[in-house]
Every structure is written in C-alpha cells, then in structure tokens.
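As you go down the protein sequences, you meet chains A and B in turn.
Position 252 of the first sequence, counting from 1, maps to 258 under the numbering used here, and the rest follow consecutively.
Position 286 of the second sequence, counting from 1, maps to 417 under the numbering used here, and the rest follow consecutively.
Just so it is clear, CB atoms sit at the ideal spot from N, CA and C, and this is done for glycine as well.
Structure first, commentary second.
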Amino acid sequence: MSADVTVKRDVIGSDFGPQLVQGSGLDERDGGPELVQLLTPEGERLEHPSFSFGEGLSADEEAEKIRGFYRDMVLTRRIDVEATALQRHGELGIWAQLLGQEAAQIGSGRALRTQDYVFPTYREHGVAWCRGVDPLRLLGLFRGVDQGSWDPNENNFGLYTIVIGAQTLHATGYAMGVQRDGAVGTGDPERDAAVVAYFGDGASSQGDVNEAFIFAASYNAPVVFFCQNNQWAISEPIERQSRIPLYQRALGFGFPGVRVDGNDVLATYAVTQAALERARDGQGPTFVEAYTYRMGAHTTTDDPTRYRLSSDVEHWKLKDPIQRVKVYLTRNGLMDQDFADSVDAEAEELGEKLRDGCRAMPDPHILDVFDKVFAEQTEELASQKAGYSDYLDTFEPEHAGEGRAGAETASGGAR
Amino acid sequence: MTKMTLAKSLNAGLRKAMEDDPKVLIMGEDVGKLGGVFRITDGLQKDFGEDRVIDSPLAESGIIGTAVGLAMRGYRPVCEIQFDGFVYPAYDQIVSQVAKLHFRSQGKVPMPMVIRIPFGGGIGAVEHHSESPEAQFAHTPGLKVVACSNPVDGYWMIQQAIAHDDPVIFLEPKRQYHADKAEIDEAATPDPLFASRVVRAGEDLTLLSYGPMVKVCLASAEAAATENRSIEVIDLRTLSPLDMGPVLDSVRRTGRAIVAHEAHTNLGMGAELAARITEECFYSLEAPVIRVGGFDTPYPPARVEEEWLPDLDRVMDAVDRSFAF
Ligand SMILES: Cc1ncc(C[n+]2csc(CCOP(=O)(O)OP(=O)(O)O)c2C)c(N)n1
Ligand SMILES: [Mg+2]
C-alpha cells in the first residue's frame, strides 16, 4: 500500500448509528425501526438524525434535483417495461425486470461521481442509466447477440455479472487498486474515488460475497456494498438467507451497515452519498441494505404465483417509488403538468428507440467468436476458425441455412 | 405404463427413490415450492416435507459441503445445481472433498451423493446457462459421471445413481427436458447404470455420444442411411468410468469411429475415447477417430449457438471425412 493512504480505523462511523437494534414497534415487513426514510410512501418528507437530503441546496436546486430523480425513475421504468414487452414478442430471450427497485438504483446511481466505479449484477438497468450506458446496449445480453457490449471503462460501469456474487470481490479488488493509486483520502473531490458493488439478498449467502467483506474490511478498501434486498432470490424468501436484518451482518465484518428504504429515492441517495463519501475519504467499506421489493417476476421466465402471495405484492404496491415522488412534487407545487407530460413524451421516445433499435441489432457472426478469446490469438484457435470457415463455404449460398437433411432435422439446431 | 418427458421421468424417479429410502434428501436452490427452475423436483417438497426437500441458501459450495456432512451422517443427498455454469462455486468441495473422502478414509467414509446438473445448450439462454462441464469431472478421480439422454434412462438412472454408494455427477440434457415423451415401464429391469448401449445398429461406422447429442447422432445416422451408409450409434451413458466393451466391439466391426459432444473439443471426452480406441483396436481402424464438438471458445451468445454447437451437418461432415480416409 502506498504510504500516503491513511487507513483510518474508526470504521464504525457515527452516521451509521447503533448496531444490532432489535426490532420493535414498526412492522418488520416494512423494514423495522432502523429503516432510514426521508420520504414516506404518502409523499411526506421526514427528518432523520443522521441522514438528510438537500443540504446545501437552495429550494429551487433541491426541487430540480428531485424532478431529475422523477424523470430518471420514469425513464428507467420505461426501459424495463419496454424490454419486458420485447421479450414477450420474442425479441429478447429473457429479461430481468427491475420493477419496484427504481428508487434504490436511481438514488444510489445519482450519488456517484464520474470517477467512481460500479460492479453490477444483471438487474442494474437504472444504475446503468445513471452512468450513461446506452440502454439499448443493455438489451444485447438478453437478446443473445453479445455478453455485454459496453466498454466498462468508458462509463466506469462493469459488465453485468450473472454468476451470483462474483462481482463483489472484483469491486473490492478494484477498490484496493484505487487505494494503491492514492485516489482516496486526498480531499480532492475530482480525485477521490469509491467503488460500488451491487448484489442481491440471495447473493449475500455466497462465499464470494462474504470473502469480499473480509477483504474490504481487512484493507479498509473504498467500497460500498450496495445490497438490494428485494425480499426474494427467485422463489426463496429472505428468511432462507438471513435470520437478522442483512445490514447488521456488516458489524460482524467490522464495518458499518445501514438499512435504507430502497423505495425512497431521497433516502437512498442520502445514505449512498454518505457511504461513498466515507469510502472516498479513506474510512473504508460500508454495507447499504436497500430494503425494497421485487414487484415483477425474477425474470420473464419465472412464475411467482407458484411461491408468493399476491397480497404481499399488493402491500408493496402502496410503497411505489415513483408515485411518492410524484405526490410530493405535485402537492408542493414543484412539478406541473407540462413537466409530467414532457417526461412521458421522453419515455415514449425512449420506448420507440428501444423497440426499433432492438429489432435492428445485428446478429453476431460465428467466425467472430474465435477472435476475442485471448489478447494474443493462438494458432490452434486461428486454425479452428479457418477450418470452420472452409466448412461453411462448402454450403452453397442459396442453401445456406438448410443443411444436408433439409431444414427439418432432428438436431433442433440445423442451420 | 405412462408416457413422460425427461423432466417428468426424472421427477418420477426422484419420487420413487425418496419413497424407497427415507435417507434420500433433495437439496438445492428453488427446489422446494418452485420445484426447481426446470420443475424436476415439482411437488416433492409438498409430499415429503421441508426436511427432505431442502431449499438451500444461495451458495453452491454450501450445498455440496453440507451434503458431505449429511452423507457422513448416513443420508443420501441429491443436490441440484441450477445450471451447469453455477457448479463452479462448488468445484472445490466436489473435487477436493467429495471425490477424495472415500480414498482418504480408506473406505471408512463413503460418499453416496448425487450431484444433478442440467447441462448443454440450445435453449437460447444467456451466458453460464449452456455449458458442458463433464470433462472437468470425468478427469477427477473419485467421481463417477453419467449422462442420460432420454426419459426412460432418466427414470432409471437417477434411481440407480441415488442407490449407488459413490458420488455420481448426474448430467441432464436440459434441452431434452420437455422435448420428447417415452413410455416408462416401471416393471422393467433397467440396464446397469455404468453401461453404454447401442441405440442403433449399423455396420460401416460407429458414432459415439451422450446426453443431448444422442438425438442429433440418431438423426445423422438416419440421414446417412439415405446415402447407403450404415451407422451404429452408441449412447455412452457413463462417462466415468467408461464402458469400453460395447464401444470396442462396435469399432472392431465398423473400423470407423466418431465421437460427438457439445463440450469443447480439446481435452474433452472425445479425446479420451479416441485414445482408448486407438490403443485397443488400432489394427481394426480404417480411419482416425474423429471428434465433433464445441469449439475451444467460451460458449457464445445465444444467437450463434446453433452454429457453434455440433449439429447434424457437422456430424455428417465428419462421416464424410472418415469415409474419405
Ligand atoms: C452462482 C449462481 N448460482 C445460481 C444462479 C441462478 N440464479 C440467478 S439469479 C438467482 C437469485 C438471485 O437472488 P438475489 O441475489 O436476491 O438477486 P435478485 O435476483 O433478487 O436481484 C439465482 C439463484 C446464478 N446466477 N449464479
Ligand atoms: Mg433478491
């Protein structure tokens, strides 16, 4: 570690409050008493002793920012709805919906600075949006034309990671690199960087994730573990993964954890910002549990009616992350019909762009598959490619796509 | 007798095994209420309870590692790995623990465990959902590896694997799960688990495969018949140990052999079979043993998987090459 990185040992930051609070009073299903909430489902602003939104902003600036969140969330939901429809129409093989998790993703995504780096799962479409990744690019993986076509280093947004939990270690390692580059704790807001690992409640059971906690704690790495506890890992409820609120696990690893209302964009923003600030400042990792709910199916191939009650979904519908912002803005005269209409129009446009763009996505070419395996191509692979190319040439162009036994072969895969 | 898909026959086989032996447990992600993402364990938790059909936390190493302990305590765990590409978090437990305990304990700690893995591609899935990791396990001493290819085998082989006292990696061709139905005769006497089987008799060439490629090979043999080539197709069924008897008998008669699998070709099952055939019946061979397999790249995006996977045309091309020799 470079000498100018100060490793601060006061890892239990006061902002992150008392730990291991036993649930009392408030319904556990709604997050319990530890839940940080700044905007209620009814659209009322709340004060919190440790976290606040809008400090240092004028009233206008603050309203502007909240309107921005509203726009982000509406557009993110549109990406999700559109992609879901594209899957239904056979244009995507599968889609992982984020419905209900917009605030968790936009709140945390908007708290990032350009130099911060994100390691997502496969559901962080809203964070991708905040990072400026073209939403069309997100569709490629799900359409089956690529395995992530964006350049992770262009937007500091890693590739989607399907193997549960693996990215948390990558995030930690990346953060260790940031540390070694002296890009923490300098006090320069343009320089100090944090890394965010996104993962789910299910992922919290994986060895990799727990090892990431250990490494991050051990080296005081500038990483924020952002867990979207959407209550489900496919069909398994959170109780299968944890007997205590997830954020409380952090204490055992030696860094603070906090549970934030993941359907409250203001609170998610405030808490993530504070956690990022700690990391950038050299105070080490934080666990943020965004308490939310997966409103849709796990993916478009899942059928949640097999394992959960629709009354739970109804309960959470009342906590919709977009609705509460809309109510707040409208009730306080901070958003007029024109603004709402313009966002809707933008969403329409985005939807159309996704529909057209998705259908126009070119299929990959099989021969290109051989070229990106290594930085330094091997002769073996080059000759496999050449051999396959020669083989493909033996099919006369007008019969390409047909094959020897005609189109109807039993392989299920005849060209 | 009932007609069943592979998915249903595996379910029926698991049910039978659980009825026959109260020590049989099922564990895995989403195997309970959901019945697994492919519904192979459908209804089992309802009928056998949560103690015997265990929804595990999301941790593959945890599934296999705890199964080791359960096996030591006298249970017979049947672990489901959700998709081929997710077995690797458990790879350490499988290779270093499951595979070695019998050996290290000099037989005092048997490992009667089945690890079910849906494998292979062709279902249009995203990455990590279409892989064929069989060689990684077949290369590991201490593990037995089998692959079923059809509903009848699914029904019997899963029961035999569960009753077997060594750890069995049980590969299920996921694209066949809901493909074809076959009559299951519960009163029949099944072939032994570790036995290969001639599934189509022929005289001119021996085509060896397993799992999802058996169907492709049968179709290839059918197509070749129209060109007056008589191809014998063998469903290997067991990959470790290999059952070389039927293979060598066949190749001694036909003089030609092709091995087809979806897995990467280099250092795959085909390489081992080619070596053994060459060692055992060199003088019967009219042509070198040819391998037809996936290319040595990571599994590609779904939109090109049909071109990446060996299909009827590539098998037929290999047949041509063998005869041209
Ligand atoms: C190592 C591994 N095992 C299993 C899977 C299959 N799988 C995909 S998503 C998922 C559940 C994930 O739940 P969670 O971490 O809560 O994230 P969420 O999907 O709810 O966003 C599982 C089991 C996988 N992708 N990777
Ligand atoms: Mg979840």
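- Query: What residue does the alpha helix (DSSP H) around P282/B start on, and which one ends it?
  - Reply: In the second sequence, counting from the first residue as 1, residue 282/B sits at position 151. Per DSSP, P282/B is one residue of the alpha helix (DSSP H) stretching across P282 to A294.
Check whether the Cβ of P461/A lies closer than 8 Å to any Cβ atom in chain B. Coverage of chain A is limited to positions 7 through 421, which leaves residue 461/A absent and any answer about it impossible.
Excluding the 5 residues flanking P141/A on each side, which residues of the same chain have their C-beta closer than 6 Å to its C-beta? For this step, residue 141/A is matched to residue 135 along the first sequence. Take P141/A, set aside five residues on each side of it, and the residues of its chain with a beta-carbon closer than 6 Å to its own are I85, in chain order.
> Does the beta-carbon distance from A198/B to P208/B come in below 8 Å?
Replying inline: As a first step, residue 198/B is located in the second sequence; it is residue number 67 there, counting from the start. As a first step, residue 208/B is located in the second sequence; it is residue number 77 there, counting from the start. In terms of Cβ geometry, A198/B and P208/B form a close pair [threshold 8 Å].
Along the stretch 420–454 of chain B, where does the CB come closer than 9 Å to a CB of chain A? Name the residues. Those would be F426, D427, T428, P429, P431, P432, A433, R434, V435, E436, E437, E438, W439, L440, P441, D442, L443, D444, R445, V446, M447 and D448, in chain order.
Q | F221/A burial status per 10 Å Cβ neighbour count (16 or more: buried) | A | Mapped onto the first sequence, residue 221/A falls at position 215. Burial is judged here by how many other beta carbons sit within 10 angstroms of a residue's own beta carbon; F221/A has at least 16 and is buried.
Under 9 Å Cβ-Cβ, which residues of chain B neighbour A239/A? Residue mapping note: residue 239/A aligns to position 233 of the first sequence, counting from 1. Those within 9 Å of A239/A in chain B are E160, D161, P188 and L189.
Enclosing alpha helix (DSSP H) for N161/A [first to last residue]
Along the first sequence, one-based indexing puts residue 161/A at 155. Counting along the chain, the alpha helix (DSSP H) containing N161/A begins and ends at P158 to N161.
**Start-to-end residues for the alpha helix (DSSP H) that takes in D86/A** = Within the first sequence, the letter at position 80 stands for residue 86/A. Element bounds for D86/A: A65 to R94.
Between the C-alpha atoms of K246/B and S224/A, what's the straight-line distance to the nearest angstrom?
On the second sequence, position 115 is the one that residue 246/B refers to. On the first sequence, position 218 is the one that residue 224/A refers to. Residue identity check: residue 246/B is Ile in the sequence provided, not Lys. So the alpha carbons of these two residues sit roughly 35 Å apart.
If we ignore side chains and look at the alpha-carbon of each, how far apart do G113/A and L41/A end up?
-> The sequence position of residue 113/A within the first sequence is 107, counting from 1. The sequence position of residue 41/A within the first sequence is 35, counting from 1. Straight across, the Cα-Cα distance linking G113/A with L41/A is about 15 Å.
_Partner residues on chain A for S340/B, Cβ-Cβ distance less than 9 Å_ = One-based indexing of the second sequence puts residue 340/B at position 209. Listed along chain A, no residue sits closer than 9 Å to S340/B by beta-carbon distance, the nearest being about 12 Å off.
**Request:** Just grab the DSSP bridge partners of D267/A for me.
**Result:** Along the first sequence, read from residue 1 onward, the residue named residue 267/A stands at position 261. BP columns for D267/A point to Y297/A.
What do you reckon, are the CB atoms on T369/B and L443/B nearer than 8 Å? For the purposes of this step, residue 369/B is taken as the residue at position 238 of the second sequence. For the purposes of this step, residue 443/B is taken as the residue at position 312 of the second sequence. No.
**Prompt:** Around the C-beta of T271/B, are 16 or more other C-beta atoms found within 10 angstroms, so that it is buried, or is it exposed?
**Reply:** Taking the second sequence and counting its residues from 1, one reaches residue 271/B at position 140. Around the beta carbon of T271/B, 16 or more other beta carbons sit within 10 angstroms, so the residue counts as buried.
8 Å Cβ cutoff met for V276/B and S327/B: Numbered from its first residue, the second sequence carries residue 276/B at position 145. Numbered from its first residue, the second sequence carries residue 327/B at position 196. Result no, Cβ atoms of V276/B and S327/B do not sit closer than 8 Å.
- Would M149/B be called buried (16 or more neighbouring beta carbons within 10 Å of its own) or exposed? Taking the first residue of the second sequence as position 1, residue 149/B is located at position 18. Label assigned to M149/B: buried.
Notebook entry, point to check: Do D267/A and D198/A have their CB atoms nearer than 8 Å?
Noted result: As a working note, residue 267/A is residue 261 in the first sequence. As a working note, residue 198/A is residue 192 in the first sequence. No; because the gap between Cβ atoms is not below 8 Å, this pair is not in contact.
Helix, strand or coil at F261/A [DSSP, three-state]:
The sequence position of residue 261/A within the first sequence is 255, counting from 1. F261/A: coil per DSSP, three-state reduction.
Margin query: If we define contact as Cβ-Cβ less than 8 Å, is P282/B a contact residue for chain A?
Written below: To locate residue 282/B, count along the second sequence from 1; it is residue 151. Closer than 8 Å: no.
State the Cα-Cα distance for the pair V215/A and E191/B, rounded to the nearest angstrom.
Taking the first residue of the first sequence as 1, we reach residue 215/A at position 209. Taking the first residue of the second sequence as 1, we reach residue 191/B at position 60. Between V215/A and E191/B, the C-alpha separation is close to 13 Å.
Proximal residues to I362/B (C-beta, below 6 Å), its chain only, five neighbours per side dropped: Locating residue 362/B in the second sequence gives position 231, counting from the first residue. If we look at I362/B and ignore the five residues flanking it on each side, its Cβ neighbours are G333, L336, L338, A352 and A355.
Can you pull the chain A residues whose beta carbon is under 7 Å from the beta carbon of S460/B, in chain order? This structure leaves residue 460/B out entirely; chain B is present only between 132 and 456.
Between the CA atoms of A177/A and N161/A - distance to the nearest angstrom
Here residue 161/A is taken as the residue at index 155 of the first sequence, counted from 1. Here residue 177/A is taken as the residue at index 171 of the first sequence, counted from 1. Spanning the two alpha carbons is a distance of roughly 15 Å.
Does the distance from the C-beta atom of M79/A to that of E108/A stay below 8 Å?
For this step, residue 79/A is matched to residue 73 along the first sequence. For this step, residue 108/A is matched to residue 102 along the first sequence. Yes, these two residues count as a Cβ contact at 8 Å.
Original post:
Mapping DSSP to helix, strand and coil, what is V184/A?
Top reply: For this step, residue 184/A is matched to residue 178 along the first sequence. V184/A: helix per DSSP, three-state reduction.
For this session: Measure from the alpha carbon of D284/B to the alpha carbon of each residue in L416/B, G180/B, P343/B and V257/B, then state which is nearest.
Result: Position 153 of the second sequence, counted from the first residue, corresponds to residue 284/B. Considering only alpha carbons, the answer is P343/B.
Return the chain-ordered list of same chain residues with a C-beta closer than 7 Å to the C-beta of L144/A, the five sequence neighbours on each side being excluded.
For this step, residue 144/A is matched to residue 138 along the first sequence. Within the same chain, L144/A has close Cβ partners H131 and A134.
With a threshold of 8 Å, are at least 3 pairs of Cβ atoms found where one atom belongs to the stretch 218–232 of chain B and the other to the stretch 262–271 of chain B?
A contact exists between the stretch 218–232 of chain B and the stretch 262–271 of chain B.
- How many whole angstroms separate the CB atoms of I240/A and H259/B, which I take to be in contact at a CB cut-off of 8 Å? If you number the first sequence from 1, residue 240/A lands on position 234. If you number the second sequence from 1, residue 259/B lands on position 128. About 15 Å separates the CB atoms of I240/A and H259/B; that is not less than 8 Å, and the two are not in contact.
* Apart from the five residues just before and just after G357/A, which ones in its own chain have a Cβ nearer than 6 Å to its Cβ? -> In the first sequence, residue 357/A corresponds to position 351, counting from 1. Excluding residues within five positions, the ones whose Cβ falls inside 6 Å are R84 and E88.
Just the Cα atoms here: how many angstroms apart are R183/B and L175/B? The residue given as residue 183/B occupies position 52 in the second sequence. The residue given as residue 175/B occupies position 44 in the second sequence. Their backbone Cα atoms lie some 9 Å apart in a straight line.
Exposed or buried, what is M244/B when buried is set at 16 or more other beta-carbons lying within 10 Å of its beta-carbon? Working through the second sequence from its first residue, we reach residue 244/B at position 113. With 16 or more other Cβ atoms from the protein chains shown falling within 10 Å of its own Cβ, M244/B counts as buried.
Exercise for review: Tell me whether the beta-carbon of Q213/B lies closer than 8 Å to the beta-carbon of V257/B.
Suggested key: Numbered from 1 along the second sequence, position 82 holds the residue referred to as residue 213/B. Numbered from 1 along the second sequence, position 126 holds the residue referred to as residue 257/B. Pairing Q213/B with V257/B gives a Cβ-Cβ distance that is not under 8 Å.
Going by C-alpha to C-alpha distance, which of W238/A, F232/A, Q185/A and A200/A sits closest to G208/A? For the purposes of this step, residue 208/A is taken as the residue at position 202 of the first sequence. Among W238/A, F232/A, Q185/A and A200/A, the Cα nearest to that of G208/A belongs to W238/A.
Step through the CB atoms of chain A and report whether any lies within less than 8 Å of the CB of K164/B. Indexing the second sequence from 1 puts residue 164/B at position 33. Answer yes: the Cβ-Cβ gap between K164/B and chain A drops below 8 Å somewhere.
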